[in-house]
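One gets our numbering by counting positions in the sequence shown from 1 and adding 37 to each. Every residue, glycine too, gets a C-beta built ideally from N, C-alpha and C. See below for the structure under consideration.
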Amino acid sequence: MNWLENRTDDDKVKQNEVLAIGNLPKHVAIIMDGNGRWAQQRTMPRLSGHKQGVETVRDIVKASSQLGVKYLTLYAFSMENWKRPQKEVSGLMKLLEFYLKNEVEELHANNVRIRSIGKLNALPKPVHKILQKAIDHTEKNDGLTLTLALSYSSRWDIVRATQMISLDVRRGKLSPEDITEETFTDYLLTKDMPDPDLLIRTSGEMRISNFLLWELAYSEIYVTKKCWPDFERNDLYEAISCFAKRERRFGLTSAQLIDQSNSSSYLQRVVNAITNR
Ligand code: IPE
Ligand code: IPE
Ligand code: MG
Numbered sequence: 038m039n040w041l042e043n044r045t046d047d048d049k050v051k052q053n054e055v056l057a058i059g060n061l062p063k064h065v066a067i068i069m070d071g072n073g074r075w076a077q078q079r080t081m082p083r084l085s086g087h088k089q090g091v092e093t094v095r096d097i098v099k100a101s102s103q104l105g106v107k108y109l110t111l112y113a114f115s116m117e118n119w120k121r122p123q124k125e126v127s128g129l130m131k132l133l134e135f136y137l138k139n140e141v142e143e144l145h146a147n148n149v150r151i152r153s154i155g156k157l158n159a160l161p162k163p164v165h166k167i168l169q170k171a172i173d174h175t176e177k178n179d180g181l182t183l184t185l186a187l188s189y190s191s192r193w194d195i196v197r198a199t200q201m202i203s204l205d206v207r208r209g210k211l212s213p214e215d216i217t218e219e220t221f222t223d224y225l226l227t228k229d230m231p232d233p234d235l236l237i238r239t240s241g242e243m244r245i246s247n248f249l250l251w252e253l254a255y256s257e258i259y260v261t262k263k264c265w266p267d268f269e270r271n272d273l274y275e276a277i278s279c280f281a282k283r284e285r286r287f288g289l290t291s292a293q294l295i296d297q298s299n300s301s302s303y304l305q306r307v308v309n310a311i312t313n314r
């Protein structure tokens, strides 16, 4: 199914409204939280919440791709989540396997590149295998990059990167004085993607839960009370629209930013005049 051709008229209008604001985030990261509570509120088992959460994933991936977001990173399973009851963990792994099996072809057909960050060899063998297959199969796609954070812990990644850097120093490939923020970033699992512009967390929790600690340094945060299974594409549009209207100052003052944008549009006018556009 071609996602762009399969939009309702109403949805096209809504997406165009979001795009008209401009400032579309290049990278959206989501902490998909509240599946368990969603189920418990309905006196259903927690796993039903996770099942419903997969439906949300399917639609949010589609909507992000339709909007032209370049990177979507979903926190699907943390390293700490391994400590949950065995039944829940194995149910989640089965769901992951099911999602990958069923969705890969449609994702591939829509130019989505699948990636994953985390301690992937901790995943059950069949899951790891199917995940690797999905990554390899979609490697050359250049539409949306969908990164699944699985068995992920940001502290673990930072420590891992530090170990790799130390090894390179010991081997003489790197000297300590050359370690900059850029070098450090190059050793993280997220090295090939820009930092998230927008972080969304569902279910109202105001915390980061060991997700992308380094990469979120200047991300805009959007928290919604809705639990993940209730999160709809309209909520994504709302989050993106809210993001697009914010002023990201990166430590500067408002006045400095205004100056900068004036001079860059002046520069743009000069460039346009030169290139006769
Ligand atoms: C998020 O929902 C999904 C995972 C962590 C795998 P939760 O399962 O954390 O749901 P709550 O927070 O208990 O409601
Ligand atoms: C964060 O949710 C991890 C995922 C969404 C996969 P948790 O439910 O595990 O986080 P805490 O325990 O509430 O901080
Ligand atoms: Mg939770």
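Buried versus exposed call for residue i [16 or more other C-beta atoms within 10 Å across all chains shown]
i, result
"G71", "buried"
"L262", "A small fix is needed here, since residue 262 is Lys in this sequence, not Leu. With fewer than 16 Cβ atoms within 10 Å of its Cβ, K262 is classed as exposed."
"R285", "exposed"
"V55", "buried"
"W75", "buried"
"P266", "buried"
"G155", "buried"
"G59", "exposed"
"R314", "Confidence at R314 is low in this model, with a pLDDT of 47, below 50, so its placement is unreliable and the value that follows should be read with caution. Classification for R314: exposed."
"Y255", "exposed"
"K228", "exposed"
"M38", "exposed"
"A292", "exposed"
"R192", "exposed"
"A57", "exposed"
"P5", "One cannot answer for residue 5 here, as it falls past the ends of the chain, which runs 38 to 314."
"E252", "buried"
"S188", "buried"
"R283", "exposed"
"G86", "buried"
"R244", "exposed"
"I151", "buried"
"G73", "buried"
"K124", "exposed"
Near ligand 1: residue i beta-carbon under 6 Å from a heavy atom
i, result
"G71", "yes"
"N118", "yes"
"R22", "A query on residue 22 cannot be resolved here, the shown segment of the chain reaching from 38 to 314 and no further."
"R74", "yes"
Proximity test, residue i beta-carbon vs ligand 2 heavy atom, cut-off 6 Å
i, result
"S115", "yes"
"S246", "yes"
"Y112", "yes"
"I68", "yes"
query = Taking three-plus beta-carbon pairs below 8 Å as touching, is the stretch 158-169 in contact with the stretch 214-221?
reply = no
ask   = Hey, which unbroken runs of the alpha helix (DSSP H) at 4 residues or more fall wholly within the stretch 129-189?
value = 162-174
query = When the Cβ atoms of the stretch 163-177 are set against those of the stretch 198-207, are three or more pairs found closer than 8 Å?
reply = no
query = If you pair each beta-carbon of the stretch 87-100 with each one of the stretch 132-152, do three or more pairs fall below 8 Å?
reply = yes
task = Examine the Cβ distances between the stretch 54-65 and the stretch 104-115 and report whether three or more of them are shorter than 8 Å.
result = yes
query = For the stretch 98-106 against the stretch 143-152, are there 3 or more C-beta pairs whose distance is under 8 Å?
reply = yes
task = Specify whether the stretch 228-241 and the stretch 68-87 touch according to this definition: at least 3 beta carbon pairs, one from each stretch, less than 8 Å apart.
result = yes
task = Evaluate contact between the stretch 281-301 and the stretch 71-84, counting only Cβ atoms and requiring at least three cross-stretch pairs below 8 Å.
result = no
Entirely enclosed beta strand (DSSP E) segments - the stretch 56-103, minimum 3 residues = 64-68
task = Write down every uninterrupted run of the beta strand (DSSP E) in the stretch 210-282 whose length is 3 residues or greater and which is fully enclosed by it, in chain order.
result = 235-238, 257-260
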